[in-house]
Amino acid sequence: MTSSQDDRPEQRSAEALESDPSQHGEESDSTTPDDDKPTEPDAPRADVDQAIPRSISTKRLLLIIAGLLMVMYVGALVGPTIGSDAHAVWSKVAGSKEEAEGPGGQHYYTCGMHPWVIVPKPGDCPICGMKLVPLDPSKFSGEVSIDPVVSQNIGVRVEKVAEGSESGSIRTVGTVTYDEKLLGDVNVKVGGWIEKLFVDYQGKPVKRGQALFSLYSPELYAAQGEYLLAYKATKRIKGAEEGQAVGGLASELLGPARTKLSLFDIGSGQIKALEKRGKPFRTMTITSPQSGVVIEKNAFEGMKVTPGMTAYRIADLSRVWVMATIYEYQSQQIKVGQKATMTLTYLPGETLEGKVVYVYPYLDERTRQINVRLEFDNPDLKLKPGMYATVVFQGTATDKRVLVSRSAVIDTGERQVAFVAKGQGRFEPRQVKMGAETADGKVEILEGLKPGDLVVVSGQFLIDSEARMREALAKMMKGTPVAEATTPEAPAVETTTLVLPDAANKALGTALDGYLAIGKALAGDTTTDIGVSARSLAEALDALLAMSIPNHPHFWHEHPEAANAKEQAEELAKVKSLDDARRKFSVLSNQLSKLLHATGIPKAYGKKLGEAHCPMYPEGEKGGAVWIQAEGTVKNPFFGKAMLSCADWQRPLKVAK
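For the sequence shown, our numbering begins at 793 and goes up steadily by one.
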C-alpha cells in the first residue's frame, strides 16, 4: 500500500516536469497535509528532488547569457579592425566599388566569359546571362602588369638600353651583272661574206688578237691592191734623183691606203704580211679587240655581212658590277667610295669586298627604290652575271647613339613600339622612332628611350596584345558607352572616271582572289596557305604596276598604295604566327582599300565586294581597321571566331567602268 502510494506521486511529478511546472507545484501541496501516514512525507521529498534539475538549468542559462554578453563586448572593441581586414580580403576577391571606377569616377561592369561586353550598370550579360562583375580600373591604363611567374612561363626577357657608336650598316639584295666598261663589240665595217668561223659558239673565252673569222670582201680586196700599188711604187723609185717628185707622190698615196686598211680592222701584222706576200689576200682575218668571254654571237659561216653589223659581243669578267637597291630614306647613308661586303648562298662562309662606284640620281617610281652600283674584282671568275647576292653597306663610325636590339621594337607599319620594364611585373608601352640599323642586329633609337632603360626583347608580342586591349578599353571609357552609342554610318563611296585596260582588270582580279583567300583563312583562325595566296597577290600587283593607265601617265606615282600593298603582301607571305599575319593583313587592307577607291572593282570580276570596319582592332586608321570581303554576312578576319560578326559599318565598293 505504501509502496504504491510512493510510486504514484513520483510518476505524477515526472509527468508534471515534462508538461507544466504549475501542475507539479499543486501536486506537492496536496500531499503534505497527510500526517497520519508515516511514509507519506517521503512523497513530497520525491517531488522536490524532481524539481531540482529546473534550478540547475536556470543557472546554466544565466551563465550562457553572461558569456554571450562578454563576447559582444569584446567584439565591439576589436570588430572594426577585423571588419576592415575582412573587407580588404573581400575587395581583392570580388572587387570593391572604388576598383570598378573608370575615368571620371564612372563605374563599369563586364562579363567574365565575354570581356568585350562593357556596360556602365550592373546586371546580366546579354550574351550568356551571367552576372556582370566590376571592371578592374587598371585595365583603363596602357601599363601592363603580369605576374613574374607568368612572365617567366611566356619567356619574357629584358635588355638594358645602351649608348654607343654605330656604323649605320644597311643590308639589302643585289644582282651580279657585267661591267659595262669592259664590254666590247666586234662590228663589221665592210660588206662581204664570212668564209671561215674560228669562234663558233657563245660562251667561248677569247684572247686579245685571237682570230674570230675570215672575211671575203671585194672592197677589202681592192683596198689591199691600192696599198700594194703605192707601197711598190715607193720602193721602186726610192733614192732616184729624177724620181724625187714621183716618189713624194707615191709616199702620199701610201699613207691613206694604209689608214684605209686600218679602218677596216686590218692590223699592222696583217699589213706586214701583205707587204711580204706582194699580192692581195682573197680573205682577211678579223681578230678580237679584247680578252674575255663571248656573250653574244651573230656570225655564221657563209653568211653575208653588211657594214655596221655586230658579229660578236665580248665581256671581260675579271671585274663585275653588282646592282643593289635601297629605299629612299636610306639614300643619305650611301656615298660613292663607301666599302661594302657581299655574300652568296653558293659560296658559304666566303665574304667578298667591294666598293660603291655610283649612286643613281633617280628612283623607281613604282617601288620607291634607288639603284646603287658596286664594283667587285673577279679574278677567278666565281662571280657570274645574273647571280643574286646579299650586300651589306659598311658605314663609318658615328658619335654616341642610343642603341637597342632590333627585336625590342615592334614595327606595325604605322608606329614603332617598345615595352619598358618598370619592375614588379609592370611594363609600359613606349612609342619610339628608329634610325639606322647596325650589322650586329642593333638599331638606333632617335626618340622614346634613354640609356639605362630596361626593354623587353622576347615575349613582347603577348604583352603588346594585352596593352592594345587596355588601350582600346581606355578609349572606349572616354567615349560614349556601348549601350548608349549609335551605329555610325559608313562613309560615302566616291566615284571616278578612271578606265582600266583589260590586262589591268585581269591582274587586279587575280590580286583580289589572293586577298580574299587570305581574309577567309584569318576569319577561320588559320594561316594555312596564306603564303601561297600572299605571293599570288604580290605577283599580280607587280604585273599591274608594270602596266600604263590610259590618259593617266602618272597614275602609279600618284597612287603609291599599289606598291605599298605589294610590299605588305611579300612580307605577309613570310609570316608564320596568326597575330603577325593579322597585323600585316590590316596594313595590306588599308592600302588595297585606297587603291580600289581609285580603280574600282573590275566589271568582269563577277563578285560584289564590300568594305567593312572593325572598331576594336587598333591597327587600322582612326582606331579601327578596314577589310574587304564579299557582300553579305560579316566575317571579321582580325578576331576570327571570337568576334566573327564584329563590324560597325559596311559599304559596297563601286564597280569600274
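Beta carbons are placed, not taken as given, at the ideal position from N, Cα and C, and that holds for glycine.
>> Using a Cβ-Cβ cutoff of less than 8 angstroms, which residues in the same chain neighbour ARG1198 once the five nearest sequence positions on both sides are dropped?
In response: GLU1229, GLY1233, LYS1234, VAL1235
> Taking buried to mean at least 16 other C-beta atoms within 10 Å of its own C-beta, is ILE919 buried or exposed?
Replying inline: exposed
> Which residues does DSSP pair with ARG1165 in a beta bridge?
Replying inline: MET1115, TYR1150
> Should ILE1058 go down as buried or exposed, given a rule of 16 or more other Cβ atoms within 10 Å for buried?
Replying inline: buried
> When you compare each of LEU1388, ASP1108, VAL1085 to GLN994 by their alpha carbons, which one comes out closest?
Replying inline: VAL1085
> Could you give the distance in angstroms between the alpha-carbon of ARG949 and the alpha-carbon of PHE1219?
Replying inline: 12 angstroms
>> Using CA atoms only, rank isn't needed, just tell me which of HIS1389, ASP1108, GLU1353, LYS1400 is closest to ASP1172.
In response: ASP1108
>> Here's the rule: buried if 16 or more other CB atoms are within 10 angstroms of the residue's CB, otherwise exposed. What is VAL1153?
In response: The amino acid at residue 1153 is misidentified as Val; the sequence shows Pro. PRO1153 comes out exposed.
>> Counting C-beta neighbours from all protein chains within 10 Å, is the total for LYS1358 16 or more, i.e. buried, or is it exposed?
In response: buried
> Is LEU1384 helix, strand or coil by DSSP?
Replying inline: helix
> DSSP three-state call for GLY775: helix, strand or coil?
Replying inline: With the chain running from 793 to 1449 in the structure shown, residue 775 is simply not present.
> Quick one: any contact between the stretch 1211-1227 and the stretch 966-982, if contact means 3 or more CB pairs under 8 angstroms?
Replying inline: no
> According to the Cβ coordinates, are THR1117 and THR1182 closer than 8 angstroms?
Replying inline: no
>> Only counting the same chain, and skipping five residues up and downstream in sequence, which positions put a Cβ closer than 6 angstroms to that of SER1123?
In response: ILE1162
>> Using 8 angstroms for Cβ pairs, my map puts GLY1244 next to VAL953. What's the rounded Cβ distance?
In response: 6 angstroms
> If you run the structure through DSSP and keep just helix, strand and coil, what is ARG1000?
Replying inline: coil
> What are the start and end residues of each continuous alpha helix (DSSP H) run of 4 or more residues lying completely inside the stretch 1285-1352, in chain order?
Replying inline: 1294-1315, 1322-1337, 1347-1350
> What first and last residue would you give for the alpha helix (DSSP H) that runs through ARG1028?
Replying inline: 1010-1028
> For the 8 angstroms Cβ check, are there 3 or more pairs between the stretch 1332-1351 and the stretch 1300-1316?
Replying inline: yes
>> In the DSSP assignment, the beta strand (DSSP E) including MET1408 goes from what residue to what residue?
In response: First-last for MET1408: undefined, no H or E at that position.
> For GLN1130, which of helix, strand or coil comes out of DSSP?
Replying inline: coil
>> Please classify ASN1356 as buried or exposed, where buried requires at least 16 neighbouring CB atoms within 10 angstroms.
In response: buried
> At which residues does the beta strand (DSSP E) containing MET905 begin and terminate?
Replying inline: No beta strand (DSSP E) contains MET905, which DSSP labels as neither H nor E.
> Is it buried or exposed for ASP971, if we count other Cβ within 10 angstroms and need 16 for buried?
Replying inline: buried
>> On the CB-based measure, 16 or more other CB atoms within 10 Å of its CB, does ILE857 come out buried or exposed?
In response: exposed
>> Can you list, in chain order, the residues of its chain with a C-beta nearer than 7 angstroms to that of TYR1023? Leave out the 5 residues immediately preceding and following it.
In response: LEU1046, GLU1067
>> Pop quiz: PHE1430 and TYR1409 are said to be a contact at Cβ under 8 angstroms. What is the actual Cβ separation, rounded to whole angstroms?
In response: 4 angstroms
> Roughly how many angstroms separate the alpha carbons of ASP1372 and ALA1313, rounded to a whole number?
Replying inline: 14 angstroms
> Can you give, in chain order, each stretch of the beta strand (DSSP E) that sits fully within the stretch 1179-1215 and has at least 3 residues?
Replying inline: 1180-1185, 1193-1197, 1208-1215
> Which of helix, strand or coil does DSSP assign to ASN979?
Replying inline: strand
> So the beta strand (DSSP E) GLU1220 belongs to, where does it begin and stop?
Replying inline: 1218-1229
> From which residue to which residue does the beta strand (DSSP E) around THR1102 run?
Replying inline: 1102-1107
>> Considering only DSSP beta bridges, list what GLN1442 is partnered with.
In response: ALA1404
> Which residues bound the beta strand (DSSP E) around ILE1420?
Replying inline: 1417-1422
>> Less than 7 angstroms between C-beta atoms, sequence neighbours within five positions excluded: which residues of the same chain meet that for ALA1434?
In response: none
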